[in-house]
Structures are given as C-alpha cells and as structure tokens.
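A quick write-up on the structure given underneath.
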Amino acid sequence: MSYVDAIHDKSAERIHVVERSPAGERIFKEYPTNYVMYYEDSKGKHRSLYGTPVKKFSSRKQAEWEKEKRIHGKKRLFEADIPIVFRCLSENYLKVDAPKLHTCFFDIEVDFDPSRGFSPPSDPFNPVTAVSLYLDWLDQLVCLAVPPKHMTYETAQEAIAEFPDTMLFRTEKELFDAFFSLIEDADVLSGWNSEGYDIPYMVNRVTRVMSKDDTRRFCLLGQYPKKRKYERFGKEEETFDLVGRIHLDYLQLYKKYNYESRHSYKLDAIGEMEVGEKKTEYEGSLDQLYNKDFKKFIEYNRQDTLLLKKLDNKLQFLELANQLAHENTVLLPTVMGSVAMIEMAVMNEAHERGVVVPNKIRSNLNTVSEGQAAGAYVMNPKKGLHEWIGSIDINSLYPSTIRALNMAPETIVGQVRQTLTNKYMEERGLELAKKKPRYKEGDAPVEGPVLWEGLFSSLEYTAIQNQERGTMLTIDYEDGREEEMSAAQAWKMIYDSNNPYILSANGTIFRSDQEGVIPGLLSKWYSDRKVMQKKLRESTTKTDIDYWDKRQLVRKILLNSAYGALLNEHCRFYDKRIGQSTTLTGRSITKHMSAFTNEIMTGVYDHTGDSMIYGDTDSCYFSAWPMLKDDLPADMSLEDKKQTFIDLYESMSDQCNVSFPGFMEKAFHCPRDKGLIIKGGREVCGDRGLFITKKRYAINIYDAENKRTDTNGAMKVKAMGLDLKRADTPAYVQDFLMEVLEMTLSGKQRDEIIEKIKEFKIILGKQDSWTKGSPKGVNKLTSYTMLEKNSKTGRANMPGHVRAAMNWNTLKRVHGDNYSMEIMDGFKVVVCKLKSNAMGYTSIAYPTDQLRLPEWFRDLPFDDNLMESTLVDEKISNLLGVLKWDLRANTDTNSTFDELFSFG
DNA sequence: CAGGGCTGCTTACCT
DNA sequence: ACAGGTAAGCAGCCCTGA
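Sequential numbering of the first sequence, starting at 0, is according to numbering that gives the first Met the number 0.
This is the structure:
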C-alpha cells in the first residue's frame with residue numbers, strides 16, 4: 000500500500016503518513032524521523048556520487064544532527080538537505096505502486112451583493128450558496144445548496160425535485176457541515192482554479208461563519224490548512240495547503256500538460272473544447288439566476304463539477320500526477336514543478352547504485368549568476384514557397400546527447416578553459432554595440448544568443464578538432480590540476496592516447512568508462528518506455544491500454560522534463576558545463592545532419608546548402624526538387640511523384656542514421672555503441688510549403704512519420720507559429736487565415752486570394768465593433784495600477800493592453816456597474832481601439848469571459864478601421880508578405896473608386 | 001512639431 | 001524554482017527635417 004500525503008511533526012519528531020490500502024481503506028502510519036547526512040572521510044564506508052569515501056551520520060533528533068553538521072561544516076556534505084519527508088518516502092515506498100486515490104471534484108457558487116459586488120477569497124463577505132461535489136469512489140454527484148431568502152424551503156425543494164442527491168439547507172453552516180462529512184473519505188480535492196478561488200474562499204468563509212477550529216475538517220490528523228503566499232500573474236495571492244489529503248488545482252494541471260495557450264480558461268470553454276460539452280446556458284448574471292431560476296442555478300452548479308469529472312475521464316491528469324509522484328517518491332503537489340521531482344528520481348537511482356548525492360550548492364547573494372548558457376541553433380529560413388519538402392529530426396535530441404556523451408557531474412574529467420571563447424564573446428559584444436545607431440562610448444556590450452550566431456561549439460573545441468599546433472589551451476581538471484598544452488596535443492590526449500575521454504562541443508571532457516547516474520537513468524527511462532509502448536500495442540482491453548499508455552507517458556514526461564530541470568541553476572545537479580555541452584553538442588549534431596543530408600542531394604557537405612530550407616534545434620527541412628525537377632519524367636503522375644519523394648527522403652534519413660556513429664566518434668570521441676544512441680527519423684513530406692521567418696512556416700503535408708495524411712483527399716496543413724495558431728488572433732480570423740493559407744498552399748493565384756480577402760473585409764465591416772478587438776492575457780495589472788496611483792504625475796508608463804484593461808475597470812466603476820466582471824491579473828481580455836475621445840483613451844479592453852457587454856461599453860467610439868487593419872492587413876502581410884504580392888492596396892475596400900484606378 | 005526609427009517590455013509561440 | 005531562441009506589437013523616447 001502506498002501513501003497519499005505525509006507530514007513532519009517537529010515537536011514529536013515523527014513522520015505521519017496517510018495511506019490508502021488496496022482494499023480502499025485509509026491507514027495512518029507513523030515513522031520516527033531519520034535525520035541523515037554524509038560527509039567526506041577517507042575511512043567512510045559509503046560512497047559518494049563521485050566515488051569518494053563518505054561517512055554517514057544519522058539521528059532521530061534534529062538538534063543532535065544540526066550539531067554534527069556544524070562540526071563537519073567545512074567538508075563537502077551529502078544529502079544533508081534532502082527534505083525529511085521525501086527521505087521517509089524514499090526509504091519506505093520506493094517501487095511501491097501508486098494507490099487508487101479517492102478523488103473529489105468540487106465547485107462552489109457564491110452570492111453577490113448588489114452594492115458591494117463580488118467578494119474576493121481574502122474577504123469573503125458573500126455567503127456560499129451552493130457546493131457540488133463528485134465523489135469518484137462512490138461515482139456520485141452531490142449538490143448542496145442554500146435557497147435564496149425570498150424562497151420558501153418547500154418551493155425550493157419542489158424546484159430541485161428532479162435532481163438526485165441534491166440537498167437543501169437553511170443555513171450556510173449546515174451546508175458546510177454536510178460538505179465536511181462528504182469529503183471525509185476523500186484523498187484528493189480538485190476544482191477549477193481552486194487554488195486561487197474555491198479553497199481560500201471556503202477556508203476563509205468557514206473561519207468567518209463557523210470558527211477557525213472548524214477549518215481543521217478540511218484536513219486530517221487534526222491539522223489546520225496551512226496558509227501559503229504565492230505569486231501569480233505578477234500579483235501576490237494567498238491560498239491554503241491541506242494536510243493529510245491533497246488539493247490539486249485542475250486548471251493548473253491542465254496548463255502544465257497543455258502548452259498552447261487558449262482564448263479562455265473558463266471551465267465552460269475548456270470543457271467544450273476538450274469533451275464537446277456545452278455549458279448550461281442562462282440569461283443575465285449568475286446571481287439573477289440564483290434568485291429567479293433556482294432550478295437552473297442548481298443545474299449549472301452540478302454541470303460544472305460534472306464537467307470536471309468528464310474532463311479528467313478524458314485527460315486523466317490526476318492519475319498521471321499520482322503515478323509521477325509515486326514513481327519518484329515525492330508528494331503529489333511536488334509534480335507541479337520539475338526540479339524537486341527530477342532530483343529525487345536521480346537520488347533514488349544513485350541509491351540503487353550504492354552512492355549518495357551531494358548537497359545543493361547554496362548560491363549566496365554575493366555570487367553573480369553565471370549568465371545564460373547558449374541554446375539551440377535556428378537556421379535562417381530561405382523565405383518563400385518551396386515544393387516537395389521533406390524533414391528529418393533527431394529523436395529526443397537533448398536526452399540522447401546526454402546519454403551519448405555520458406554527461407554527468409561525476410563523469411566530468413575537466414574543462415578546456417574558454418579563454419578564446421570568452422574573449423571572442425567580449426569583442427563581438429562590443430563590436431555589435433558599436434554598430435548600434437545610438438551607441439555612446441561606454442555603453443554595455445551586446446549580450447545574448449546573437450553572440451553565438453554561426454557558432455556550433457566553443458572556439459577551443461574547434462581548435463582541438465583542427466589539431467592546431469599554435470593554439471595554446473589550458474585544461475582545468477576536476478581534481479584541481481591545470482595543464483597547458485597546444486590544441487594538437489589536447490587532441491592527441493583525448494582522441495589518441497587510449498584515454499576513455501569524450502570531448503563535448505563545449506570543450507568539456509567526460510569519461511566514457513563508467514556510466515553516469517543521470518545518463519543511465521535517461522537510458523533506463525528510454526528503454527522502459529519502449530517496452531511499455533510495445534505492451535501498449537499488444538493490449539486489447541481498455542484497462543490494459545489505459546494502464547500501459549499512462550506508464551509510457553510517465554516515462555515520456557520524465558525524459559522531457561529532465562533536461563529543463565537539470566539546466567535550472569537551482570537544481571542540485573546543475574552544472575553550466577553540462578548544460579552548454581548539451582546544447583552545443585546538439586547544435587553540432589544537427590548541423591551534421593543538415594550538412595550530410597544536403598550532401599546527398601547536392602554533393603556539398605553544407606548545412607545551409609542549396610537543398611536546405613530551414614532547421615530548428617533538432618530538425619531540418621529541405622527539398623530535392625530544384626535538383627531533381629529536370630530529371631523527373633514530364634508525364635509523371637502526382638501519386639508517383641509523392642511516392643518518389645517519400646522513398647528518397649526515407650532513404651536519406653536512413654543514410655543519415657548510418658553516418659551518426661562515425662560522426663560522433665570523430666567529433667566527440669564517442670565510443671561506437673554510444674554513437675548509436677543518436678538516431679533521426681523522417682518526419683513529414685509535403686508537396687508545398689511556405690517559410691516566412693524563423694519559427695513561422697506552413698507545409699501542406701501528405702505523409703507524416705510514414706503515415707499518409709492525404710488518403711481522404713482533404714488537406715493537412717502543418718502550420719507553426721503563424722498568427723492563425725496564436726491565441727491573440729480572434730478565432731474567426733484564425734479560420735480566415737487558415738483558408739487563405741490553404742488556398743496558397745494548393746497553388747491558388749494572387750487574384751483569387753485578393754477576392755477572398757475582399758470578401759472577408761466586407762463581412763468584417765458588418766460585425767459589431769467589439770468583435771474586432773485583439774485577445775490578450777493581462778498580467779501585473781494590480782502592480783501597474785498601484786504604480787500609477789502612487790506616481791506623482793498621476794500617470795505611469797505601461798503596456799497598451801494593461802492600460803486598456805485599466806480603462807475598463809475605471810469606466811465600470813464610473814458607471815456604477817457592479818454586474819460586469821472586474822479585470823484581474825491573469826485575465827484574458829479583448830483589446831479594442833478607440834477613436835479620439837474626451838477621456839483621452841486610445842483603447843479599452845473587456846474580459847473574454849464577460850457574457851454580456853454593458854451598454855456603456857457598447858456606446859464607446861470604436862476605431863473600426865484601425866482594428867480591421869490590424870486584423871486583416873497586418874496579419875495577411877505577416878502570412879503572405881514574403882510572396883511580395885502587394886495585397887494591401889489591392890484589397891482596400893475603403894479606397895475610393897479614384898484611388899483604386901489612379902496610376903502613379 | 002510631426003514622423004521615422006530605435007529601445008525595452010510584453011505576449012505567445014517553437015523545439 | 002524545467003531550458004533557450006524568436007517574432008511581433010506597443011509605448012515612449014530621441015532624433016531629424018521641416
């Protein structure tokens with residue numbers, strides 16, 4: 000059986016663990032605290048990650064342990080900073096299956112005060128009117144409500160008669176009592192935005208109408224919910240953590256595992272998008288519903304909770320979090336971040352190998368952080384339309400690179416001091432600064448990714464590769480020695496002296512004769528995932544499919560998050576040398592892939608050669624069409640053409656894979672078996688593609704990873720980064736842009752597209768002004784509002800969309816409008832531009848989720864022309880500008896007849 | 001004093 | 001306490017030329 004939650008009782012020095020048994024029972028376990036540390040000692044019986052002997056000290060008493068820690072304060076310490084609860088879980092629950100959790104989804108409704116408006120969770124002056132809960136272990140939806148004051152209890156009963164398990168209460172206190180009874184057997188509470196709203200509201204409201212003592216009923220073990228401050232969207236907020244049972248905010252889980260942003264994060268909107276469930280529709284505001292149509296109000300409240308359950312049925316993020324947590328012996332809320340989880344994964348793996356991990360190096364405030372590591376290479380695309388495109392990408396580039404070069408803190412032999420590289424960066428930074436039009440003597444040098452432009456490795460690495468005799472280098476060894484030698488000698492030492500050395504593109508030397516813990520762990524996750532995917536393919540029942548799919552997904556998430564966590568400077572295993580070794584070696588590998596691929600097509604080993612169109616991080620896009628078009632039979636059928644390019648690109652990808660071990664050996668002195676880790680795959684084939692800028696392109700694909708996508712005759716467009724993919728473009732404009740794109744990619748000519756745009760402009764012209772605004776997220780609204788309030792001039796500088804949001808809030812107040820939503824930090828809004836007006840506003844925003852726009856808003860002097868232009872002209876120019884079709888002047892529906900037909 | 005262009009900030013994206 | 005690289009839009013500022 001396994002844990003649900005655990006706490007450290009400091010005064011009694013016990014760890015309390017709440018478990019859920021396979022039979023479904025809650026069990027309370029207790030462990031004595033175990034304070035552990037290891038310190039360097041030549042007589043120690045334990046081994047550190049670095050293979051050095053260490054001595055263990057452990058105690059049940061914190062004071063004793065602290066004292067011992069001070070005694071060894073000068074030595075390097077190991078595992079003295081592992082949270083004691085995590086150590087307890089690691090010691091007692093490693094490799095124990097995750098429990099079947101009792102989950103309760105819930106949603107609360109809160110009354111509205113016509114004079115004071117809505118109440119914030121920090122000051123919950125409005126009563127809770129309804130709570131609905133779905134208890135998954137009973138498969139039961141329960142709704143608790145207090146009817147409106149004007150309604151008799153009996154009338155209310157009649158109104159809700161048709162809803163099962165719906166209970167009415169005369170007072171809020173009775174409602175809370177029932178709520179606490181219902182959650183008694185729950186392990187997990189989850190709501191939508193519940194961290195920011197439902198949980199703090201309920202805790203503070205229970206304190207107000209009952210007592211602080213009663214809030215303990217949210218928790219187990221007689222504990223109070225623990226107040227926690229956190230920052231969100233640039234504003235400090237307060238919430239509570241539960242004890243003994245867990246609270247997870249489903250909105251946050253959703254955002255964590257869905258990277259694209261949405262137009263709206265309202266549960267209704269996400270529910271509709273994910274499970275196609277329409278929200279319960281109603282007229283007016285929710286408090287009007289409560290007072291005028293109590294039945295529908297209850298239906299609405301029940302529906303929200305039911306929607307959460309349906310969402311989780313599909314997405315299963317709670318079970319994912321459950322498995323991730325238990326796999327790595329951390330608590331469930333820990334998986335919301337990656338660093339602590341990955342650290343524990345590595346520590347557990349280290350223990351498996353009989354070694355202990357070092358303490359985190361405390362960055363004290365005086366040490367300056369090292370500056371950003373160089374990242375990925377992005378090729379400047381050859382802009383415009385291309386035909387018969389193919390792409391190859393490297394499988395899990397960064398994890399594979401870490402494995403191939405055996406990169407780990409304990410396998411570092413040394414570092415080629417980056418004297419040349421640092422000097423180059425300094426000079427280049429200065430040079431670029433001087434090129435700036437407003438450069439003044441003494442201005443700061445330019446920093447950032449531009450400095451690495453055109454580079455795929457450190458200059459010292461290049462010198463070693465070239466075996467330069469005249470270039471002197473210094474090698475800093477991990478044991479403290481330093482050695483000077485020429486680049487040619489360094490090459491000999493690493494590549495040709497029977498040393499088990501690997502050289503990364505960052506000039507970091509790793510040893511290849513003993514596998515590092517992190518590369519080993521990544522390999523294990525990788526191969527475990529392959530096995531699980533095989534089991535998944537062999538599965539026939541839904542239970543089996545779900546089981547293996549979730550298990551392989553856990554591996555995938557761990558593999559993907561490892562790189563980011565390890566590269567975070569607060570991670571225990573962070574080392575900039577490893578980080579930059581990963582990215583620069585990745586650059587070199589991708590460069591080789593592109594150059595080699597180009598060589599097959601053109602005969603020239605050049606990563607930007609004539610066949611290459613674009614590449615980003617681990618991929619390359621290319622076309623053999625320019626080289627082949629004159630050689631293909633003129634009467635070749637379309638299908639034959641498609642197949643020809645599939646076959647060609649497939650074989651190129653295979654040849655590329657064959658080339659990797661040799662390349663890895665020559666470039667980094669990777670042993671052959673490690674070089675085999677780097678593998679690529681042919682990704683897409685497309686008949687036409689439009690490349691606009693870095694990170695913005697579209698391809699009409701007919702094959703993706705060896706699956707034809709054109710079988711039903713429909714187009715499948717892979718569109719990346721374009722406005723039509725961005726949540727700050729209105730949905731209907733996204734659709735329009737997609738149509739224009741499809742026309743272009745299917746070979747339609749300029750005239751037809753001009754007609755299409757004109758048509759859209761005419762439709763757009765008839766729409767309500769406020770539908771033509773631009774969606775946007777607003778952060779730091781509170782802090783900018785305060786900044787303006789506190790400024791002497793009464794005006795502060797701020798981004799336009801923040802000013803627009805502030806304008807809404809101001810006008811809302813001026814008009815005494817309590818019913819409309821106040822825009823708060825993190826809200827999604829629509830920004831509308833205004834014509835010049837008495838208030839001096841240039842724009843105003845409204846909340847995306849505002850169901851009805853108030854009269855005062857509708858009457859504002861919107862600048863339709865300006866908005867239409869940013870929605871159509873600018874976006875069309877972003878999309879088709881590279882074709883130089885001059886679409887703007889030719890689609891201007893506002894032009895007079897004269898303008899259209901005037902010449903010169 | 002209008003307008004062009006640069007800087008810095010912000011959002012949302014790609015891998 | 002996941003990373004770095006990038007485009008685009010906007011406000012505010014400086015500079016230039018009228």
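From the three backbone atoms N, C-alpha and C, an ideal C-beta is built for every residue, glycine too. Since the model is a prediction, treat every value here as computed from it, not as a measurement.
Same chain, Cβ closer than 7 Å to E171, five either side skipped, listed in chain order: For E171, the CB contacts under 7 Å within the same chain, skipping 5 residues up- and downstream, are P126, V127, V145 and V208 in chain order.
Length of the line joining the Cα atoms of E153 and M0: E153 and M0 have their alpha carbons spaced roughly 47 Å apart.
Cut-off 6 Å between Cβ atoms - residues of its own chain near D548, not counting five sequence neighbours on either side: Answer for D548: L535, listed in chain order.
Length of the line joining the Cα atoms of D834 and S260: A small correction: the amino acid at residue 834 is Lys; Asp does not occupy that position in the sequence shown. Approximately 30 Å between the Cα atoms of the pair.
Proximity winner among G578, F826 and F239, relative to E568 (alpha-carbon distances): E568 has its Cα closest to that of G578, out of G578, F826 and F239.
S121, buried or exposed, once every other Cβ within 10 Å from all chains shown has been counted against 16: Its Cβ having fewer than 16 others within 10 Å, S121 is exposed.
Terminal residues of the alpha helix (DSSP H) in which N808 lies: G799 to V813 is the extent of the alpha helix (DSSP H) around N808.
DSSP-derived helix/strand/coil call for F896: Note that F896 has pLDDT 32, beneath the 50 cutoff, so the model's placement of it is unreliable and the number below is only indicative. Three-state DSSP puts F896 in a helix.
C-beta contact flag for H262 and A718 at 8 Å: No, the pair does not count as a contact, with Cβ atoms beyond the cut-off.
Contiguous beta strand (DSSP E) assignments of at least 3 residues, all confined to the region 848-876: The region 848-876 contains no whole beta strand (DSSP E) run of 3 or more residues.
Classification of L384 by the beta-carbon crowding that lies within 10 angstroms, buried from 16 upward: By the C-beta density criterion, L384 is exposed, having fewer than 16 other C-beta atoms within 10 angstroms.
Coil, strand or helix - R59 by DSSP: Coil at R59, not helix or strand.
Validate contact between the region 556-573 and the region 599-609 using beta carbons, cut 8 Å, 3 pairs: Two segments are said to touch when three or more pairs of C-beta atoms, one from each, lie closer than 8 Å; by this definition the region 556-573 does not touch the region 599-609.
4-residue-minimum alpha helix (DSSP H) runs that sit fully inside the region 392-476, ordered along the chain: Counting whole runs of 4 or more residues, the region 392-476 contains the alpha helix (DSSP H) stretches 396-403, 418-434 and 458-464.
Cβ pair count under 8 Å reaching 3, the region 498-516 against the region 663-678: Enough Cβ pairs lie closer than 8 Å, so yes.
DSSP state of T32 mapped onto helix, strand, coil: When DSSP states are grouped into helix, strand and coil, T32 belongs to the coil group.
Cβ-based neighbour list, D897, same chain, cut-off 7 Å, excluding 5 preceding and 5 following: For D897, the predicted structure reports a pLDDT of 32, less than 50, and the residue's modelled location is therefore unreliable. A value from the coordinates is still provided. Exclusion of the five residues before and after D897 leaves no residue of its chain whose Cβ lies closer than 7 Å to its Cβ.
Three-state secondary structure (DSSP) of Q532: If DSSP states are grouped into helix, strand and coil, Q532 belongs with the helices.
Own chain partners of K381 with C-beta closer than 6 Å, once the 5 adjacent residues on each side are dropped: In its chain, beyond the 5 residues on either side, I612 have a beta carbon closer than 6 Å to the beta carbon of K381.
8 Å contact criterion, which D824 and N778 should meet: CB distance rounded: The Cβ separation is near 6 Å, so the contact holds.
When I391, L140 and D848 are compared against D615, the one with the closest alpha-carbon: Answer by Cα proximity: I391.
CB of A97 within 8 Å of CB of Q322, strictly: Between A97 and Q322, the CB-CB gap stays under 8 Å.
Start-to-end residues for the alpha helix (DSSP H) that takes in Q156: Here the alpha helix (DSSP H) through Q156 covers Y152 to A158.
Proximity below 8 Å, CB of I676 to CB of A844: No, these two residues do not count as a Cβ contact at 8 Å.
Spatial distance of M626 from G336 (CA atoms): M626 and G336: Cα-Cα distance of roughly 49 Å.
L134 (DSSP reduced to helix, strand or coil): In the structure shown, the three-state DSSP call for L134 is strand.
Stretch-stretch touch, CB-based, cutoff 8 Å, three pairs: the region 108-121 with the region 288-303: Segment contact: the region 108-121 against the region 288-303, three or more CB-CB distances shorter than 8 Å; contact assigned.
Proximal residues to A79 (C-beta, below 7 Å), its chain only, five neighbours per side dropped: Here the set comprises M36, K68 and N358.
Whether I14 touches V84 by CB criterion (8 Å): Yes, Cβ-Cβ distance for I14 and V84 is below 8 Å.
Spatial distance of W624 from K760 (CA atoms): Rounded to whole angstroms, the gap between the alpha carbons of W624 and K760 is 37 Å.
Three-state secondary structure (DSSP) of V345: V345 sits in a helix when the DSSP states are folded into three classes.
The ligand MN heavy atom lying under 7 Å from the CB of A804: Because no ligand of any kind appears in the structure shown, any question about the ligand MN cannot be addressed here.
Cβ contact (3+ pairs, closer than 8 Å) linking the region 409-425 and the region 634-654: With fewer than three CB-CB distances shorter than 8 Å, the region 409-425 does not count as touching the region 634-654.
Same chain only: Cβ atoms within 8 Å of L631, ignoring 5 sequence neighbours per side: Taken in chain order, the residues that qualify are K640 and T643.
Per DSSP, cross-strand counterpart(s) of A5: In the DSSP assignment, A5 is bridged to V16.
Beta-carbon proximity of Y562 to Y397, cut-off 8 Å: The answer is yes: Cβ separation under 8 Å.
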